[in-house]
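Notes for the one structure printed next.
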Amino acid sequence: MSETLFTPNQLFTLKRTTLEKRTMKYYKETHDEAQTVKIMIALQVRDELTESDFSFFMQDLVRHLFMKTKMTRALRRYYVYFKDYFEKKEWKFLTLRLFPIKTYIAEKLEQLYTQFIKEPLEGLVGS
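Read in order, the letters of the sequence shown are residues 74 to 200 in the working numbering.
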């Protein structure tokens, strides 16, 4: 395949079914998650700018990329653009999967914070 899957003109003029077929073919041949996600983000922009319906473009592939494949820098960087593709519980799981150490640190900091905040309040209430 060529370096770029679609030209900017193609991204904004081809029909949804054509874009779906070519994107799926590209992903199956290359397993390039980063480029595939970038294409999907560009199509979200098209959805906002045009009357064409590109909402939830290739939702099954998006869910596969984020839930089943190895986490990459690109997936971590662009995952926020796909929040609507997941239910609330799945989104929390995905965040934990993408950022396990950050989540762990945030939980520990929250525990420390609540521990120190509750102690002075308990002392005031008891007196």
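Note that the Cβ used here is the ideal one computed from N, Cα and C, for glycine as well.
Just so we're clear, the structure is a prediction, and the values are computed from it rather than from any experiment.
Could you check if residue i is buried or exposed, using at least 16 other CB atoms within 10 Å of its CB as the buried criterion?
i           : result
residue 106 : buried
residue 140 : exposed
residue 187 : exposed
residue 185 : exposed
residue 182 : exposed
residue 92  : buried
residue 122 : exposed
residue 169 : exposed
residue 80  : exposed
residue 82  : exposed
Quick check: the Cα distance between residue i and residue j, rounded to an integer number of angstroms?
i           : j           : result
residue 120 : residue 161 : 23 angstroms
residue 112 : residue 189 : 47 angstroms
residue 129 : residue 158 : 7 angstroms
residue 87  : residue 163 : 32 angstroms
residue 178 : residue 138 : 26 angstroms
residue 167 : residue 143 : 12 angstroms
residue 78  : residue 127 : 18 angstroms
residue 180 : residue 165 : 13 angstroms
residue 101 : residue 110 : 14 angstroms
residue 104 : residue 124 : 30 angstroms
Compute the beta-carbon to beta-carbon distance between residue i and residue j, rounded to the nearest angstrom, for a pair I have assumed lies under 8 angstroms.
i           : j           : result
residue 151 : residue 174 : Their Cβ separation, rounded to whole angstroms, is 19 angstroms, which puts residue 151 and residue 174 out of contact at 8 angstroms.
residue 154 : residue 117 : 6 angstroms
residue 146 : residue 171 : 10 angstroms between Cβ atoms; not a contact.
Between residue i and chain D, is the shortest Cβ-Cβ distance under 8 angstroms, so that the two count as touching?
i           : result
residue 116 : Looking for chain D here will not work: only one protein chain is present.
With a cut-off of 8 angstroms, do at least 3 Cβ pairs link the stretch 131-138 to the stretch 90-102?
-> yes
Which residue spans inside the stretch 100-158 form an unbroken alpha helix (DSSP H) run of at least 4?
-> Listed in chain order, the alpha helix (DSSP H) runs fully inside the stretch 100-158 are 106-122, 132-141, 146-151, counting runs of at least 4 residues.
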